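Student: One structure is given below, represented as structure tokens, and several questions about it will come after.
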Amino acid sequence: MMKKSMKKLFALLLASALILSVFAGCSGKSTENSADPANSPAGGNEEQSQAPAPANEKPIKIGVLVADVSGEEALGFRNYYENYIAKNYNVELLYTEQLTDAAGERSAIERFAAQGCQAIISFSSSDRAMQVETCAQNKLFYAVASGMLDDEQYETYKTNEWFVGQVGPSMETEFEAGYAMGKYFADKGAKTIAMYGAFIPNPMHVYRAAGVIAGMGATYGGASDMGAIVGQIFGDQGVDPSKVSGGSVELVSYFQGYGETTTDELNAAIQAQPDAFLSVGMATTFFTQQLNTAGIEFSDIDSFTSGNQAAMTDGKLVYLAGKYSSSIGPIFAAVVDAVNGNPIRGEGGTAISVSQSYLVATDTASFDKYYSADQGDSPIYNKELLDTMIGDSVTYADFQAFVEADRS
Amino acid sequence: MKAAEKSLQQSYRLRQLLIHLMPLAALAILLAALCWAVTSKGYRLDIYLNIVFNEAVVLAVVATGAVFIYTLGSFDISLGASTLFSATLGVMTYNATQSLPLMLLVILVTAIGCSLLSSLLASVFHIPVFVTTVAMMSVLSAIAAQIITKNGGALGGISIPSDLLRPLDTPWFKVVILAAFVALSIFIFSFTKVGRRQKFLGGNPVCAQLTGIDLNRYTIIAFVMAGLGVGLGAFLTLIYTPSVTTGTASSIGMNIIVAIVFGGMPISGGPNSKIYSALVGGFSYILLNNTLKILIDGNTGYGVSQIVSAIFFLAVVYVTSINYRTKLLPR
Numbered sequence: 066m067m068k069k070s071m072k073k074l075f076a077l078l079l080a081s082a083l084i085l086s087v088f089a090g091c092s093g094k095s096t097e098n099s100a101d102p103a104n105s106p107a108g109g110n111e112e113q114s115q116a117p118a119p120a121n122e123k124p125i126k127i128g129v130l131v132a133d134v135s136g137e138e139a140l141g142f143r144n145y146y147e148n149y150i151a152k153n154y155n156v157e158l159l160y161t162e163q164l165t166d167a168a169g170e171r172s173a174i175e176r177f178a179a180q181g182c183q184a185i186i187s188f189s190s191s192d193r194a195m196q197v198e199t200c201a202q203n204k205l206f207y208a209v210a211s212g213m214l215d216d217e218q219y220e221t222y223k224t225n226e227w228f229v230g231q232v233g234p235s236m237e238t239e240f241e242a243g244y245a246m247g248k249y250f251a252d253k254g255a256k257t258i259a260m261y262g263a264f265i266p267n268p269m270h271v272y273r274a275a276g277v278i279a280g281m282g283a284t285y286g287g288a289s290d291m292g293a294i295v296g297q298i299f300g301d302q303g304v305d306p307s308k309v310s311g312g313s314v315e316l317v318s319y320f321q322g323y324g325e326t327t328t329d330e331l332n333a334a335i336q337a338q339p340d341a342f343l344s345v346g347m348a349t350t351f352f353t354q355q356l357n358t359a360g361i362e363f364s365d366i367d368s369f370t371s372g373n374q375a376a377m378t379d380g381k382l383v384y385l386a387g388k389y390s391s392s393i394g395p396i397f398a399a400v401v402d403a404v405n406g407n408p409i410r411g412e413g414g415t416a417i418s419v420s421q422s423y424l425v426a427t428d429t430a431s432f433d434k435y436y437s438a439d440q441g442d443s444p445i446y447n448k449e450l451l452d453t454m455i456g457d458s459v460t461y462a463d464f465q466a467f468v469e470a471d472r473s
Numbered sequence: 439m440k441a442a443e444k445s446l447q448q449s450y451r452l453r454q455l456l457i458h459l460m461p462l463a464a465l466a467i468l469l470a471a472l473c474w475a476v477t478s479k480g481y482r483l484d485i486y487l488n489i490v491f492n493e494a495v496v497l498a499v500v501a502t503g504a505v506f507i508y509t510l511g512s513f514d515i516s517l518g519a520s521t522l523f524s525a526t527l528g529v530m531t532y533n534a535t536q537s538l539p540l541m542l543l544v545i546l547v548t549a550i551g552c553s554l555l556s557s558l559l560a561s562v563f564h565i566p567v568f569v570t571t572v573a574m575m576s577v578l579s580a581i582a583a584q585i586i587t588k589n590g591g592a593l594g595g596i597s598i599p600s601d602l603l604r605p606l607d608t609p610w611f612k613v614v615i616l617a618a619f620v621a622l623s624i625f626i627f628s629f630t631k632v633g634r635r636q637k638f639l640g641g642n643p644v645c646a647q648l649t650g651i652d653l654n655r656y657t658i659i660a661f662v663m664a665g666l667g668v669g670l671g672a673f674l675t676l677i678y679t680p681s682v683t684t685g686t687a688s689s690i691g692m693n694i695i696v697a698i699v700f701g702g703m704p705i706s707g708g709p710n711s712k713i714y715s716a717l718v719g720g721f722s723y724i725l726l727n728n729t730l731k732i733l734i735d736g737n738t739g740y741g742v743s744q745i746v747s748a749i750f751f752l753a754v755v756y757v758t759s760i761n762y763r764t765k766l767l768p769r
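So the protein sequences, as listed, match chains A and B.
Per our numbering, the very first residue in the first sequence carries number 66; after that it's consecutive.
Per our numbering, the very first residue in the second sequence carries number 439; after that it's consecutive.
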């Protein structure tokens with residue numbers, strides 16, 4: 066009996082050891098590539114090996130903190146870094162798995178430090194102050210892509226030598242994006258709207274929803290300014306339609322989140338027969354088919370993707386405020402400068418802080434202009450453009466003008 | 439005849455020794471595997487060991503308290519939510535009073551209170567404890583989320599000043615907390631009647647109650663110890679990162695189950711329960727996770743390390759269950 070059990074035990078241990086060996090073997094290939102620049106000038110995978118870098122030059126190693134691993138926008142960003150940036154620059158990009166909390170972010174930064182990274186680009190926002198501090202402790206340059214620290218945090222860390230900077234929509238920009246969308250439909254003559262609050266209390270969605278309400282010309286709980294509306298939405302953990310009043314547009318239906326009740330809530334919104342369905346995020350991912358079938362015009366704040374192109378061309382998507390995938394190019398250039406010893410600093414040695422606005426498409430022509438201009442091998446922020454921001458003579462003003470320039 | 443019996447006894451003892459040593463051997467192997475993986479890649483071992491320690495210490499502390507509940511043959515799925523809730527109230531308390539001792543007190547009292555509430559609800563309504571913990575998980579997560587989002591605003595989280603607990607963010611302080619709690623747990627579990635009776639209740643509750651052992655009393659003790667572990671875990675979490683978001687400690691609840699199994703203790707509890715399972719299992723699980731993250735290229739795809747980790751989990755459950763599929767009563 067015992068012999069039989071022991072046999073099973075050893076068989077299992079052997080099997081486990083074999084599995085471990087297989088993975089060790091697989092990873093060995095990438096280890097060789099990463100460790101020996103002569104084998105792979107650009108880093109650890111086949112795509113990176115095509116980079117036109119001198120064989121004896123070590124690639125810049127950058128860790129990327131990721132919180133969203135499945136959204137269209139997040140996948141677009143990753144695709145740009147992996148398939149364009151890594152091909153065209155002598156850089157090795159390492160990614161985290163999905164980060165859900167501050168402890169995960171800190172561990173990830175420390176892991177990247179242990180792996181010899183020189184900089185961190187963050188798409189994760191559980192605790193950005195802690196991220197800056199952990200990077201500084203580990204002597205890693207730190208940059209925020211597609212987002213921003215709040216004003217108080219920026220003031221605290223703006224002179225930290227390891228904080229490269231931040232480029233992305235500020236919360237005010239999120240509010241303005243929602244405002245423009247609400248105003249668009251109010252100006253268009255919509256009398257009734259349904260609204261999808263996405264993942265409120267996610268701050269980004271809260272600010273956008275507040276903007277939509279203000280853009281409709283309505284008040285929320287009697288308030289009409291950004292701070293007061295936002296504060297109430299945080300308090301309510303959502304938008305309470307009974308608190309929306311004034312203006313010429315009536316909010317006839319509201320729901321948020323995605324779960325078991327979502328289909329029923331969407332059907333209820335459709336049955337209310339609104340003139341338009343306004344979403345502050347993710348509607349194009351979740352509801353495009355149903356809204357097209359119902360024949361209800363809808364809008365979203367998302368990104369310029371093929372799915373959204375189809376929804377605008379053949380469906381009822383009539384307004385899209387979005388980012389394009391290569392909008393994260395400038396912060397990459399700033400990080401390269403910092404690693405190369407040419408940090409871009411503002412007056413008094415402050416870190417970069419440039420807000421990036423959304424582009425708005427209201428018809429197929431404007432959508433195609435942004436979409437087709439930012440494809441695979443020819444992104445809007447291509448190597449030719451980015452190279453103008455990499456060097457020892459780039460000033461803060463140059464960089465700000467570069468980001469704020471109209472690329473449409 | 440006697441010689442044969444002696445040989446059988448020796449063989450049984452050897453087998454038991456091997457089974458008891460297996461988790462420790464696995465821990466040593468996993469540590470060696472991590473060191474090999476890190477050095478072969480040219481990474482910095484000191485930082486990796488620090489990461490493993492910081493991740494494992496919270497899991498080990500919370501899991502050590504949870505062993506008391508698992509021993510009874512029950513389990514508490516709300517421990518992660520309870521950690522989040524305790525840390526949330528702790529942060530709110532500090533921000534309102536600027537008092538560190540009061541913050542610590544609130545964290546511990548909240549954690550123990552939440553744990554006790556679960557067991558009391560189960561006693562009052564005569565429903566299995568794990569059912570009440572499922573409800574508690576939802577309630578605590580929702581309340582914590584409400585507090586965090588309402589007070590965190592655009593930051594999406596609440597925090598205490600980052601330099602407040604930084605002096606405590608040292609391995610030595612964490613070792614002291616872990617060692618003290620493990621020592622207390624071992625004392626209660628192995629040197630008082632509490633542990634023995636809890637094992638009896640977990641192994642055969644009907645028989646145990648017929649001998650006069652009060653199930654409710656030992657359930658409450660178990661939940662108090664689990665609550666203490668949760669409170670210390672929440673405090674250690676705040677030492678590591680001074681902020682709390684809705685995702686804080688979200689994975690602890692499930693990781694505890696894995697850690698306890700990795701440590702060689704049956705999920706069904708009973709006489710084979712051991713305090714050190716949580717300690718050994720907690721560190722083993724984190725070592726395995728980190729080794730897999732190194733060996734499996736992070737750029738190959740999301741979730742691969744979790745899948746491999748799950749395969750290992752099933753293998754470990756199978757190996758450890760060999761010991762329980764015996765017709766003999768445990769001795």
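Yeah, the Cβ is synthetic: ideal placement off N, Cα and C, and Gly gets one too.
Note that this is a predicted model, so its numbers are computed, not measured.
Which runs of the beta strand (DSSP E) spanning at least 3 residues fall entirely within the region 384-423 of chain A, listed in chain order?
Tutor: Correct list: 417-420.
Student: Helix or strand or just coil, what does DSSP make of residue 304 of chain A?
Tutor: Coil.
Student: For the region 270-299 of chain A, list every residue whose C-beta sits within 9 Å of some C-beta in chain B, in sequence order.
Tutor: So the close ones are 271, 272, 295, 296, 299.
Student: Taking C-beta pairs closer than 7 Å, name the residues in chain A that residue 536 of chain B reaches, listed in chain order.
Tutor: Those within 7 Å of residue 536 of chain B in chain A number zero; the least Cβ separation is about 18 Å.
Student: Enumerate in chain order the residues of its own chain whose CB-to-CB distance from residue 548 of chain B is below 6 Å, with the five nearest sequence positions on each side excluded.
Tutor: These residues qualify, in order along the chain: 524, 527.
Student: Beta-carbon within less than 7 Å of residue 754 of chain B's beta-carbon, same chain only, minus the 5 sequence neighbours each way: which residues are those?
Tutor: For residue 754 of chain B, where only same-chain residues beyond five positions count, the Cβ hits under 7 Å are 699, 700.
Student: Give me the Cβ distance between residue 751 of chain B and residue 696 of chain B, rounded to the nearest whole Å; I'm assuming they're in contact under 8 Å.
Tutor: At roughly 6 Å, the Cβ-Cβ gap stays under 8 Å, so residue 751 of chain B and residue 696 of chain B are in contact.
Student: Under 8 Å, do residue 239 of chain A and residue 193 of chain A count as touching if we go by C-beta distance?
Tutor: Against a cut-off of 8 Å, the Cβ pair of residue 193 of chain A and residue 239 of chain A comes out as no contact.
Student: What's the C-alpha gap between residue 457 of chain A and residue 304 of chain A?
Tutor: The alpha-carbon atoms of residue 457 of chain A and residue 304 of chain A are separated by roughly 49 Å.
Student: For residue 402 of chain A, which residues of its own chain have a beta-carbon under 7 Å away from its beta-carbon, when the five flanking residues on both sides are left out?
Tutor: 408, 409, 455, 459, listed in sequence order.
Student: Hey, how far is the Cα of residue 26 of chain A from the Cα of residue 326 of chain A?
Tutor: Past the boundaries of the shown model lies residue 26 of chain A; chain A is included only from 66 to 473, so the question cannot be answered.
Student: Mapping DSSP to helix, strand and coil, what is residue 656 of chain B?
Tutor: Residue 656 of chain B falls in the helix class under three-state DSSP.
Student: Using the beta-carbon of each residue, which ones in chain A are nearer than 9 Å to residue 714 of chain B?
Tutor: In chain order: nothing, as chain A lies at least about 21 Å away.
Student: Under DSSP, the beta strand (DSSP E) around residue 325 of chain A begins and ends at which residues?
Tutor: Segment: none, residue 325 of chain A is in no beta strand (DSSP E) and carries neither H nor E.
Student: Between which residues of its own chain and residue 684 of chain B is the CB-CB distance below 6 Å, once the five residues before and five after are set aside?
Tutor: Here the set comprises 583, 586.
Student: If the cut is a Cβ gap below 7 Å, which residues of chain B does residue 180 of chain A touch?
Tutor: Ordered by position in chain B, the residues that pass the 7 Å Cβ test against residue 180 of chain A are 481.
Student: Use the C-beta contact count for residue 229 of chain A: other C-beta atoms within 10 angstroms, 16 or more gives buried, fewer gives exposed.
Tutor: Its Cβ being crowded by 16 or more others within 10 Å, residue 229 of chain A is buried.
Student: Taking the alpha carbon of residue 267 of chain A as the point to measure from, which residue in B/595, B/658, B/623, B/664 has its own alpha carbon closest?
Tutor: For residue 267 of chain A, the nearest C-alpha among the options comes from B/595.
Student: I want to see whether chain B comes within less than 8 Å of residue 350 of chain A, judged by CB atoms only; does it?
Tutor: So no, residue 350 of chain A is outside the interface.
Student: Which residues does DSSP list as the beta-bridge partners of residue 343 of chain A?
Tutor: In the DSSP output, where bridge partners are listed per residue, residue 343 of chain A has A/260, A/364.
Student: Do residue 640 of chain B and residue 509 of chain B have their C-beta atoms closer together than 8 Å?
Tutor: Going by C-beta atoms, residue 640 of chain B is nearer than 8 Å to residue 509 of chain B.
Student: Under 8 Å between C-beta atoms, does residue 463 of chain A make it to chain B?
Tutor: Taking Cβ atoms only, chain B never reaches closer than 8 Å to residue 463 of chain A, which makes this a no.
Student: Where do the N-terminal and C-terminal ends of the beta strand (DSSP E) with residue 318 of chain A fall, by residue?
Tutor: Run containing residue 318 of chain A: 315-320, per the beta strand (DSSP E) assignment.
Student: With a threshold of 16 other CB atoms inside 10 Å of the CB of residue 710 of chain B, please say whether the residue is buried or exposed.
Tutor: Classification of residue 710 of chain B: buried, given that the 10 Å Cβ count is 16 or more.
Student: Of the choices A/202, A/124, A/418, whose alpha-carbon is the least far from that of residue 466 of chain A?
Tutor: Closest option to residue 466 of chain A, Cα to Cα, is A/418.
Student: With a threshold of 8 Å between beta-carbons, can residue 669 of chain B be considered close to chain A, or not?
Tutor: Not closer than 8 Å to any Cβ of chain A, the Cβ of residue 669 of chain B fails to qualify, so no.
Student: Comparing the C-beta of residue 447 of chain B with each C-beta of chain A, is any distance below 8 Å?
Tutor: Not closer than 8 Å to any Cβ of chain A, the Cβ of residue 447 of chain B fails to qualify, so no.
Student: Determine which residues of the region 185-200 of chain A have a Cβ less than 7 Å from any Cβ of chain B, and write them out in chain order.
Tutor: So the close ones are 190, 191, 192, 194, 195, 198.
Student: At a cut of 8 Å, does the region 487-501 of chain B reach the region 720-730 of chain B through at least three beta carbon pairs?
Tutor: With the cut-off at 8 Å, the region 487-501 of chain B and the region 720-730 of chain B touch.
Student: In this structure, how does DSSP classify residue 459 of chain A when only helix, strand and coil are distinguished?
Tutor: Residue 459 of chain A: coil per DSSP, three-state reduction.
Student: Have a look at A/206, A/195, A/243 and flag the residue whose alpha-carbon is nearest the alpha-carbon of residue 679 of chain B.
Tutor: It is A/195 whose Cα lies nearest to the Cα of residue 679 of chain B.
Student: Using only CA atoms, which one of A/324, A/299, A/284 lies nearest to residue 311 of chain A?
Tutor: For the residues A/324, A/299, A/284, the minimum Cα distance to residue 311 of chain A belongs to A/284.
Student: Out of B/642, B/748, B/714, B/707, state which residue places its alpha-carbon closest to the alpha-carbon of residue 692 of chain B.
Tutor: Taking only the C-alpha atoms, the option nearest residue 692 of chain B is B/748.
Student: What in chain B is Cβ-close to residue 165 of chain A, meaning under 7 Å?
Tutor: What residue 165 of chain A touches in chain B: 685, 688.
Student: Please report the distance separating the alpha-carbon of residue 450 of chain B from that of residue 514 of chain B.
Tutor: The straight-line gap from Cα to Cα measures roughly 34 Å.
Student: Cβ of residue 478 of chain A less than 8 Å from any chain B Cβ?
Tutor: Past the edges of chain A, shown from 66 to 473, lies residue 478 of chain A, and the structure says nothing about it.
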